[in-house]
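Take the sequence shown: its position 255, counted from the start at 1, is 256 in this note's numbering, and no numbers get skipped.
Structure record follows, encoded as structure tokens.
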Amino acid sequence: MDRKLSAILAADVVGYSALMERDEAGTFERLRAGRKELFEPEIARHHGHIFKLMGDGMLSEFGSVVDAVECAVSLQRGLSERNASLPEAEQIQVRIGINLGEVIVDGDDRYGDGVNIAARLQQLAEPGGICVSGKVAKEVERKLAFTFESMGEQRVKNITEPVRAYRVLLDPAAAGKTLHARRQPRAWRFPAAAGILVLALGLAVAWWQPWERPAPLAVPTVSEAADTRPSLVVLPFDNLSDDKEQEYLANGFTEDLTTALARVPGLFVFSPNAASAYKDKDPKEIAAALGVRYLLKGSIRRVGDDMRINAQLIDGSTSRHLWAERFDGRWADVFALQDSVVSSIAGALQLRLVSGAPATRAGGTSNPEAYEAYLKGMDIYNRINTPEEFAQAVKYFQQAVQLDPDFGAAYAQLAWAYWDADVGRVVVMGLTTDVAQGKIYETLEAAARDPSPGYYQLVAELMVREHDSDDAVTVLLKSVALDPSDTWNYLSLANALNFNGRPKEVLSYLDAAARVDPNSWMDYRRYQAGLAEFGQEKFEDAVRSIEKMDLISADPRAKFYALQVLISAYGHLGRTDQAAAALETLRKVVGRVDRGPSQLMTQDYMVFKNTADIERLLAGLTKAGVPELSALAKAGTNPKDRLTGAEIKSLMFGHETRGKLVMPTFLPMQRTTSVDGAVSETVGQRSRVGTSWVQGDFLCNAFPRELTSCGAIFRNVFRTPGRDDEYKAVYRGDQFEFSVVK
């Protein structure tokens, strides 16, 4: 059996069945002509050859990965030119995936993961687009003029390990743009770093608190995870409907069934993400890989309003079927069918159901039409998508809440969408960034009427960034109680606990996350572990954890946070060369917006509750050579004129100040700070209230709906008497001149 390293190009026609159904003869002729006149000549010109043809696709092999990518771009551009002269109904679009990997050579055919991954990448590509693996992007990034946009790690069918994927940007105007990853639901949920995302948060002024601050709950501890309980994984249900577009029904049913079963006392349930990689595997293989005892698999078929659900419970250790049942009903009865499946499985495992608790998810609906609209939205939202597709998902969520104004989970997902809306998505939705920002809170107020895990997760996200990690931890414990199979509950808890000054508790929640989903969020888990070890002054351990991350091709947000911890740990350990190299990487991530990394930037985003924790981080950054202020912030100031922390406290607390905002614009400013740090401030027409405190030699502020901000205060040597400009406050993006007036 011969093996070799090859670049594999997989191409597939979009909507082939619909094209053939509409015009079989015409479609066949256009496909034949396209293959003869475009695909075969271009592949040959780029030194490749076709080794397999399917009705609507092909597989090609190239000796050079550069040739493979150049060929793919030529094919897509050639198809675009051919389509320009055709009616839309006759246009043919393809998706292309490219992988670099080892293949098995069998005569003229090729087999193995090198081929399989290319085929899965093709499925991730947009119509008319190209998706490549991380290996391909790394090989050709500096050799070709195209830009590669990170899609993050992707779970793909029949491939155990996540595949890092990149989208090829064919628009020449994109050349030179920063690589970035589209945020998927429950991805790296951090505030946007300067130069990374452009949705500006923090313009709203009214205090917002739609949730009731919940009291601490009696939630099962992490130590009670699966080892002492029967464990179950719900494998993705098959869609047996004639309409293959109804895959969203099977996916949604699987996820809701998982959530419902996770709430059955005495049963440990793996997350849907963990299950997705094992759909077609042998039960014994799944049991060994996940350490799970029971497997639930099944199918769902919908014809009009008629539903049929088949489910089978399997003992993973023996592959023996313990229970099988068929459930028939109408789509209008879908929630009753879900309840029946959960009750039957609990009975088969001899477990009891939560008393009086419905099987449907918290924040759910009893309206089948609203539920279907929500599932359609999630089907789009859970994929890498264009701004137009993103906007379509939002429309489905809006439709869901119009059909059921009490559908809490749909409102929560809509709020996450507004949180995820970058400039491209905002424009397509016909909004402005300010309006999208406001809609986050407006939508969360509606979601609070029937809270779901997604609601609590976003509320906690906002609490952490507003320097309120105490309540974030409490809220997330409530989210865990609602859905113990949701990996992001545990990861969010780890993040909140790290910033809350409780790093010793983090590892158990990371273990819980790994238990419910062993193969996902690896970089995030390593970052959180490193942050927890750093918080315990285990700097060597922190370095080892973070160095395991993919800091070359990782999401820029991942690098932004992790690199700051890594640089500080290097500083504490005296590893100056490694610190300098990591600092240079961080400088590229931050870009020119802040004119380089600074401790001022770090304090805005690393929102520790306890001063000792931020001071530990800043001390390491100082040792590593990271300046306190960026070039932009310190322009026009002199270090000898800077106030100490004690001087800031004496100047600001218990006093009223007046002056003006002088950067980025000119606006009058008035501020009152009480002795205990309560702040009332007006800048121009905007008024806000919040909290201030002294952190080292910085004045820090926390206002609702805004990132924490810290600044240095200088005596203004260029002051003009009588103009309220005795002092200058320098923040990361703003500068004020002011005097004490009372």
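Heads up, the beta-carbon is just placed ideally off N, CA and C, and yes, glycines get one too.
A quick note: this is a predicted structure, and the numbers were derived from the prediction, not measured.
Less than 7 angstroms separating the beta-carbons of residue i and residue j?
{"i": "Leu76", "j": "Glu43", "result": "yes"}
{"i": "Gly712", "j": "Val690", "result": "no"}
{"i": "Ala497", "j": "Ala473", "result": "yes"}
{"i": "Leu122", "j": "Gly98", "result": "yes"}
{"i": "Glu608", "j": "Phe500", "result": "The sequence as given places Val at residue 608; Glu does not occur at that position. Yes, Cβ-Cβ distance for Val608 and Phe500 is below 7 angstroms."}
{"i": "Asn311", "j": "Arg327", "result": "yes"}
{"i": "Asp407", "j": "Pro454", "result": "no"}
{"i": "Asp405", "j": "Asn368", "result": "yes"}
{"i": "Asp69", "j": "Leu10", "result": "The residue you asked about is not Asp; residue 69 is Ala in the sequence shown. Going by C-beta atoms, Ala69 is nearer than 7 angstroms to Leu10."}
{"i": "Ala73", "j": "Ile131", "result": "yes"}
{"i": "Ala437", "j": "Ala461", "result": "no"}
Distance check for residue j and residue i, CA to CA, integer angstroms please.
{"i": "Pro669", "j": "Ile714", "result": "18 angstroms"}
{"i": "Phe269", "j": "Ala263", "result": "6 angstroms"}
{"i": "Leu584", "j": "Leu644", "result": "27 angstroms"}
{"i": "Asn84", "j": "Glu91", "result": "8 angstroms"}
{"i": "Asn117", "j": "Asp110", "result": "13 angstroms"}
{"i": "Phe508", "j": "Ala533", "result": "According to the sequence provided, residue 508 is Leu. The question's Phe does not apply to it. Distance between the alpha carbons of Leu508 and Ala533 is about 8 angstroms."}
{"i": "Asp3", "j": "Gly102", "result": "14 angstroms"}
{"i": "Lys729", "j": "Asn717", "result": "6 angstroms"}
{"i": "Ile315", "j": "Leu258", "result": "16 angstroms"}
{"i": "Thr577", "j": "Val164", "result": "34 angstroms"}
{"i": "Pro217", "j": "Ala290", "result": "Because the pLDDT at Pro217 is just 35, under 50, the model does not fix this residue reliably, and the value given afterwards should be weighed accordingly. Approximately 35 angstroms, taken between the alpha carbons."}
{"i": "Ala8", "j": "Arg168", "result": "16 angstroms"}
{"i": "Ser81", "j": "Asp281", "result": "36 angstroms"}
{"i": "Ala418", "j": "Asn639", "result": "44 angstroms"}
{"i": "Gln414", "j": "Thr366", "result": "14 angstroms"}
{"i": "Arg190", "j": "Arg706", "result": "In this prediction, Arg190 has a pLDDT of 44, which is less than 50 and means its spatial position is unreliable; what the coordinates show is noted afterwards. Between Arg190 and Arg706, the C-alpha separation is close to 15 angstroms."}
{"i": "Leu445", "j": "Trp420", "result": "11 angstroms"}
{"i": "His468", "j": "Thr709", "result": "7 angstroms"}
{"i": "Ala26", "j": "Leu32", "result": "10 angstroms"}
{"i": "Ala12", "j": "Asp114", "result": "16 angstroms"}
{"i": "Gly402", "j": "Tyr412", "result": "According to the sequence as given, residue 402 is Val; it is not Gly. Going from the Cα of Val402 to the Cα of Tyr412 covers about 7 angstroms."}
{"i": "Leu297", "j": "Arg303", "result": "20 angstroms"}
{"i": "Asp24", "j": "Glu30", "result": "10 angstroms"}
{"i": "Pro452", "j": "Gln537", "result": "35 angstroms"}
{"i": "Tyr525", "j": "Met430", "result": "30 angstroms"}
{"i": "Asp551", "j": "Arg527", "result": "10 angstroms"}
Thinking C-alpha only, which one of the options is nearest residue i?
{"i": "Phe535", "options": "Val335, Lys53, Leu552 and His573", "result": "His573"}
{"i": "Pro519", "options": "Asp487, Glu506, Glu585 and Asn496", "result": "Asp487"}
{"i": "Val66", "options": "Ile93, Leu477 and Ser134", "result": "Ser134"}
{"i": "Gly646", "options": "Glu616, Arg526 and Gly621", "result": "Glu616"}
{"i": "Met653", "options": "Val436, Asn639 and Ser675", "result": "Ser675"}
{"i": "Gly637", "options": "Glu657, Arg720 and Ala559", "result": "Arg720"}
{"i": "Asp307", "options": "Asp329, Ala26 and Asn611", "result": "Asp329"}
{"i": "Glu621", "options": "Gln671, Ile649 and Val566", "result": "It should be pointed out that residue 621 corresponds to Gly in this sequence rather than to Glu. Cα-wise, what sits closest to Gly621 is Val566."}
{"i": "Gln696", "options": "Val742, Asp614 and Phe704", "result": "Asp614"}
{"i": "Glu657", "options": "Val663, Ala580, Leu39 and Ala679", "result": "Ala679"}
{"i": "Leu618", "options": "Gly253, Gln604 and Ser631", "result": "Gln604"}
{"i": "Arg325", "options": "Pro406, Ser341, Ser318 and Asp334", "result": "The identity of residue 325 in the sequence shown is Ala, whereas the question assumes Arg. Checking every option, the nearest Cα to that of Ala325 belongs to Ser341."}
{"i": "Arg78", "options": "Val95, Glu62, Ala461 and Gly455", "result": "Val95"}
{"i": "Lys440", "options": "Gln399, Gly49 and Ile51", "result": "Gln399"}
{"i": "Thr255", "options": "Leu338, His322, Pro231 and Ser599", "result": "Leu338"}
{"i": "Ala166", "options": "Ala120, Leu145 and Met55", "result": "Ala120"}
{"i": "Ser569", "options": "Arg527, Ser693, Gln600 and Gly734", "result": "Gln600"}
{"i": "Tyr372", "options": "Asn252, Arg156, Lys298 and Val741", "result": "Asn252"}
{"i": "Gly16", "options": "Arg302, Pro128 and Lys53", "result": "Pro128"}
{"i": "Val137", "options": "Asn100, Lys158, Val157 and Ser242", "result": "Asn100"}
{"i": "Asp380", "options": "Tyr397, Pro388 and Arg466", "result": "Tyr397"}
{"i": "Asn702", "options": "Asp725, Arg672, Tyr375 and Gly685", "result": "Arg672"}
Rounded C-beta distance between residue i and residue j? I'm assuming under 8 angstroms.
{"i": "Gly597", "j": "Ala563", "result": "Not quite, the Cβ-Cβ distance comes to about 18 angstroms (not below 8 angstroms), so this is no contact."}
{"i": "Ser18", "j": "Asn274", "result": "Not quite, the Cβ-Cβ distance comes to about 29 angstroms (not below 8 angstroms), so this is no contact."}
{"i": "Ala410", "j": "Gly364", "result": "4 angstroms"}
{"i": "Phe739", "j": "Arg659", "result": "6 angstroms"}
{"i": "Ser480", "j": "Tyr510", "result": "Not quite, the Cβ-Cβ distance comes to about 12 angstroms (not below 8 angstroms), so this is no contact."}
{"i": "Pro237", "j": "Ala288", "result": "The Cβ separation is near 17 angstroms, so there is no contact."}
{"i": "Val517", "j": "Ser300", "result": "About 24 angstroms; that fails the 8 angstroms criterion."}
{"i": "Lys549", "j": "Val590", "result": "Actually they do not touch by this definition, with Cβ atoms about 18 angstroms apart."}
{"i": "His48", "j": "Ser61", "result": "Between Ser61 and His48 the Cβ distance is about 11 angstroms, and since that is not below 8 angstroms, they are no contact."}
{"i": "Gly626", "j": "Ala580", "result": "7 angstroms"}
{"i": "Leu478", "j": "Ala514", "result": "The Cβ separation is near 15 angstroms, so there is no contact."}
In chain order, what are the residue ranges of uninterrupted beta strand (DSSP E) at least 3 long that sit wholly in the stretch 44–112? Counting whole runs of 3 or more residues, the stretch 44–112 contains the beta strand (DSSP E) stretches 49–54, 58–63, 95–107 and 110–112.
Quick check for students: name the residue ranges of the beta strand (DSSP E) that lie wholly in the stretch 687–729, counting only runs of 3 or more. Fully enclosed beta strand (DSSP E) runs of 3 or longer: 687–696, 699–703 and 710–716.
Which ranges would you report for the beta strand (DSSP E) in the stretch 589–624 if only whole runs of at least 3 residues count? The stretch 589–624 contains no whole beta strand (DSSP E) run of 3 or more residues.
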